[in-house]
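Notes for the one structure printed next.
Protein chains: 2
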Amino acid sequence: MKGLWVADGCVRLRDDLARPEPPPGWALVAVATAGVCGTDLQITRGYAGFAGVLGHEFVGRVAQGSPQWLGRRVVGEINVGCNRCRRCAASGANHCERRRVLGIRDLDGAFAEFLVLPEQNLHPVPDSVTDTQAAFVEPLAAALRVTEQMEIADDARVLVVGDGRLGQLAARALHANGYHVDVVGRHAAKLERLRRLGISIEKQDGGGYDVAIECTGNPAGFATALAGLRPQGTLVLKSTYDAPVRMHPADIVVNEIQVVGSRCGPFAPALQALANGSVVVDDLVDDTYPLDESERAIQRASEPDVIKVQIERA
Amino acid sequence: MKGLWVADGCVRLRDDLARPEPPPGWALVAVATAGVCGTDLQITRGYAGFAGVLGHEFVGRVAQGSPQWLGRRVVGEINVGCNRCRRCAASGANHCERRRVLGIRDLDGAFAEFLVLPEQNLHPVPDSVTDTQAAFVEPLAAALRVTEQMEIADDARVLVVGDGRLGQLAARALHANGYHVDVVGRHAAKLERLRRLGISIEKQDGGGYDVAIECTGNPAGFATALAGLRPQGTLVLKSTYDAPVRMHPADIVVNEIQVVGSRCGPFAPALQALANGSVVVDDLVDDTYPLDESERAIQRASEPDVIKVQIERA
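Here it is, written out as structure tokens:
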């Protein structure tokens with residue numbers, strides 16, 4: 001089988017991979033479309049020390065599995081817990097210490113012809129959602145994690161820091177939920193895609209926000225988000241990246257800021273938002289490459305003005 | 001009047017200070033006993049850029065004020081808001097942008113013969129609480145702020161990082177409230193004072209804590225607290241200090257940690273805990289100096305094995 005393989009910070013397309021065998025309770029999924037995420041790019045630079053097939057945003061069709069799943073078009077949650085520990089019992093797989101994570105930790109990912117996942121991780125995709133859209137379910141769910149983690153007041157002012165992949169989805173998800181959202185970013189063309197949807201752009205680093213969501217994946221974004229908050233405001237960290245941030249604890253303590261780490265989110269509302277059109281994503285796709293050209297897809301996704309690159313089964 | 005004056009990182013006892021004049025609604029308080037806090041030491045090294053009389057932990061007697069306060073023994077909340085802004089209306093003086101803070105910002109402090117504070121900041125001290133104990137109300141209130149900010153489950157495991165001034169009070173306050181508390185610290189003699197009260201000592205850096213309270217005021221403490229937490233645990237920052245911490249956002253994001261800044265707290269429960277003896281503080285006082293020797297008191301408070309130094313009106 002073909003797949004985009006990463007190891008030791010080196011990425012290459014291989015055609016000698018064994019098709020994965022689904023264990024009992026798992027499904028084999030023929031990947032249709034997969035999206036390149038910032039975390040994927042981080043992994044190609046050594047983040048998380050992952051070796052295997054890259055990719056975790058996907059839609060595909062079940063090629064092998066139990067009768068109720070066989071042939072269905074699906075997306076899949078990426079965390080696979082041990083199902084035996086206290087954390088799996090209390091809050092699911094996302095924080096299991098022994099978890100495997102699709103394309104990130106101990107489990108081959110979606111930039112390949114096939115992947116395997118437990119059937120309990122799968123969600124059927126309604127016909128009204130295209131493959132292009134469905135490949136956004138995972139990152140959109142991550143954006144929706146913010147409102148799952150905290151009660152944001154109806155009249156809250158929310159600042160999204162960053163106009164890239166995560167920032168676009170966070171801003172669109174909160175805007176769709178009726179919140180006042182301002183976005184601060186550095187890329188005119190990316191900001192324009194938000195402006196077209198009626199999302200407001202904060203040109204100067206504003207202040208007094210109730211919630212600031214850091215989506216840039218760089219230390220300057222952390223500083224911007226912190227500076228934007230009112231006292232007792234909430235700074236949500238969404239980006240996983242390896243660069244250290246210099247933080248002055250007194251800034252957090254004196255203003256009693258809450259910093260909230262936020263990772264994977266709920267698939268059902270993400271699918272619903274795509275199905276009913278409340279969150280638009282089609283304009284985010286800059287380019288689509290066949291799996292055979294997936295090395296180029298990774299390069300393209302690293303370019304500064306690009307938001308989303310997708311990889312399709314040829 | 002005499003007072004310990006700090007300016008530009010230089011501390012000296014002055015005897016040429018004007019006795020402060022209380023504006024309408026304020027009281028003049030003759031300071032009886034005041035405690036030296038870690039923040040005071042930070043200020044002597046330039047933190048907060050404060051120039052004026054140092055000190056904010058005190059007990060004293062009202063020497064001038066309205067009839068219901070005159071002659072009463074009092075402690076006082078240290079934040080003085082503008083009383084006109086939205087923040088003062090919403091949540092009191094603590095986060096007013098124009099606030100003055102006793103001995104910290106734009107308001108002369110407690111290491112002097114007299115201080116002034118708004119009468120609404122004052123709390124009468126019951127006779128059963130000694131001056132030595134009453135001077136702990138302000139830092140104990142800050143320790144109790146943690147339980148005011150968040151619901152800690154009854155069966156939570158709490159790690160207090162640091163065995164100094166703040167760590168002692170945080171551990172004692174939570175222990176008194178029935179929580180399981182472990183303390184990690186580097187000073188055998190300080191830890192011994194906790195062990196004597198039945199508070200357990202974590203010799204090795206443990207893990208899996210629900211809540212970790214960083215009370216060391218140094219970057220290593222931040223790392224210890226973070227490493228001690230379970231996924232989705234809460235890291236409380238209590239120390240105000242200027243040194244930057246190197247934080248890896250991925251550590252916060254992947255484990256969905258909450259970091260909560262925590263500053264000033266409620267005086268009433270602190271007074272109550274001292275009055276009913278549920279929080280013991282007498283053993284924390286290493287030395288007491290008259291105001292005339294307050295320069296020496298600051299030096300003594302900087303020594304590594306010292307927890308609390310108090311300054312008394314001669």
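Residue numbers (the working numbering), protein chains in the order written: chain A, 1 to 314; chain B, 1 to 314.
Positions of the beta carbon are idealized from the N, C-alpha and C atoms, including for glycine.
None of these values were measured; they are calculated from a predicted model.
Quiz item: Which residues, taken in chain order from the region 46–72 of chain A, show a beta carbon closer than 8 Å to some beta carbon of chain B?
Solution: Result list: Tyr47.
Self-check item: CA-to-CA distance, alanine 93 of chain B to asparagine 79 of chain B, given in whole angstroms
Solution: 6 Å
Self-check item: Assigned exposure category for glycine 325 of chain A - 16 Cβ within 10 Å defines buried
Solution: Past the boundaries of the shown model lies residue 325 of chain A; chain A is included only from 1 to 314, so the question cannot be answered.
Practice problem: Less than 8 Å between the CB atoms is what I'm expecting for aspartate 108 of chain A and leucine 115 of chain A, so what's the real figure, rounded? | Solution: About 6 Å; that satisfies the 8 Å criterion.
Quiz item: By a C-beta neighbour count over all protein chains shown, 10 Å radius and 16 as the cutoff for buried, is aspartate 131 of chain B buried or exposed?
Solution: Here aspartate 131 of chain B is buried. Its C-beta has 16 or more other C-beta atoms within 10 Å.
Exercise. Leaving out five residues on either side along the sequence, give the residues of the same chain with a beta carbon under 7 Å from the beta carbon of valine 285 of chain A.
Key: Answer for valine 285 of chain A: Thr132, Lys308, Gln310, listed in chain order.
Self-check item: leucine 70 of chain B, buried or exposed, once every other Cβ within 10 Å from all chains shown has been counted against 16
Solution: exposed
Quiz prompt | Cβ-Cβ distance between glutamine 258 of chain B and glutamine 299 of chain B below 9 Å | solution = no
Quiz item: Using the beta-carbon of each residue, which ones in chain B are nearer than 8 Å to arginine 12 of chain A?
Solution: Within chain B, no residue comes near arginine 12 of chain A; the closest Cβ sits about 25 Å away, beyond 8 Å.
Quiz item: leucine 169 of chain B to leucine 274 of chain A, Cα distance in whole Å?
Solution: 51 Å
Quiz item: Which residue's Cα is closest to the Cα of aspartate 200 of chain B: B/Gly52, B/Leu174, B/Ala27?
Solution: Checking the displayed sequence, the identity of residue 200 of chain B turns out to be serine instead of aspartate. The residue with the shortest Cα to Cα distance from serine 200 of chain B is B/Leu174.
Practice problem: Could you check the C-alpha separation between glycine 208 of chain B and alanine 227 of chain B for me, to the nearest Å? | Solution: 9 Å
Quiz item: By Cβ distance, which residues of its chain are closer than 8 Å to proline 23 of chain A, with the 5 residues on each side in sequence left out?
Solution: Val116
Quiz item: When you compare only the Cα positions, how much space is there between arginine 84 of chain B and arginine 99 of chain B?
Solution: 11 Å
Quiz item: Name the chain B residues whose beta carbon is nearer than 8 Å to that of asparagine 83 of chain A?
Solution: Chain B residues near asparagine 83 of chain A: none, gap ~16 Å exceeds 8 Å.
Practice problem: Step through the CB atoms of chain A and report whether any lies within less than 9 Å of the CB of phenylalanine 267 of chain B. | Solution: No - not a single Cβ of chain A is within 9 Å of the one on phenylalanine 267 of chain B.
Quiz prompt | Through-space distance from valine 183 of chain B to glutamate 192 of chain B, alpha-carbon basis | solution = 11 Å
Quiz item: Shorter than 9 Å from the beta carbon of alanine 93 of chain B to some beta carbon of chain A?
Solution: no
Quiz item: Can you check whether the CB of alanine 176 of chain A is closer than 9 Å to the CB of valine 281 of chain A?
Solution: No, the Cβ-Cβ distance between valine 281 of chain A and alanine 176 of chain A is not below 9 Å.
Exercise. Classify alanine 314 of chain A as buried or exposed, calling it buried when 16 or more other Cβ atoms lie within 10 Å of its own Cβ.
Key: exposed
Self-check item: Listed by chain order, chain A residues near threonine 240 of chain B by CB distance under 9 Å
Solution: Pro249, Ala250, Val253, Val254
Quiz item: Which residues of chain A have a Cβ atom closer than 8 Å to the Cβ of valine 146 of chain B, listed in chain order?
Solution: Under a criterion of Cβ atoms nearer than 8 Å, no residue of chain A is adjacent to valine 146 of chain B; the nearest Cβ is some 11 Å distant.
Self-check item: Proximal chain A residues relative to valine 245 of chain B, where beta-carbon distance stays under 8 Å
Solution: Ordered by position in chain A, the residues that pass the 8 Å Cβ test against valine 245 of chain B are Arg246, Met247, His248, Pro249.
Quiz item: Quick one: what does DSSP say tryptophan 278 of chain B is sitting in, helix, strand or coil?
Solution: The amino acid at residue 278 of chain B is misidentified as tryptophan; the sequence shows serine. The answer is coil: DSSP assigns serine 278 of chain B none of H, G, I, E or B.
Quiz item: Touch check for the region 245–260 of chain A and the region 216–225 of chain A: three-plus C-beta pairs under 8 Å?
Solution: They touch, by the three-pair rule.
Quiz prompt | Collapsed DSSP secondary structure at glycine 233 of chain B in the structure displayed | solution = strand
Quiz item: Can you list, in chain order, the residues of its chain whose CB lies under 6 Å from that of glutamate 256 of chain A, leaving out five sequence neighbours each side?
Solution: Gln232
Quiz item: For the beta strand (DSSP E) that contains lysine 308 of chain B, what are its first and last residues?
Solution: 308–312
Quiz item: Can you name, in chain order, every residue of its own chain whose Cβ lies under 6 Å from the Cβ of alanine 143 of chain B, other than the five neighbours on each side?
Solution: Leu169, Ala170, Ala173
Quiz item: With burial defined as no fewer than 16 other Cβ atoms inside 10 Å of the residue's Cβ, what is the status of alanine 32 of chain B: buried or exposed?
Solution: buried
Self-check item: Inter-residue Cα distance where the pair is glutamine 149 of chain B and leucine 237 of chain B
Solution: 12 Å
Quiz prompt | Cβ-based neighbour list, alanine 18 of chain B, same chain, cut-off 8 Å, excluding 5 preceding and 5 following | solution = Excluding sequence positions up to five before and after alanine 18 of chain B, its CB lies within less than 8 Å of the CB of Met1, all in the same chain and listed in chain order.
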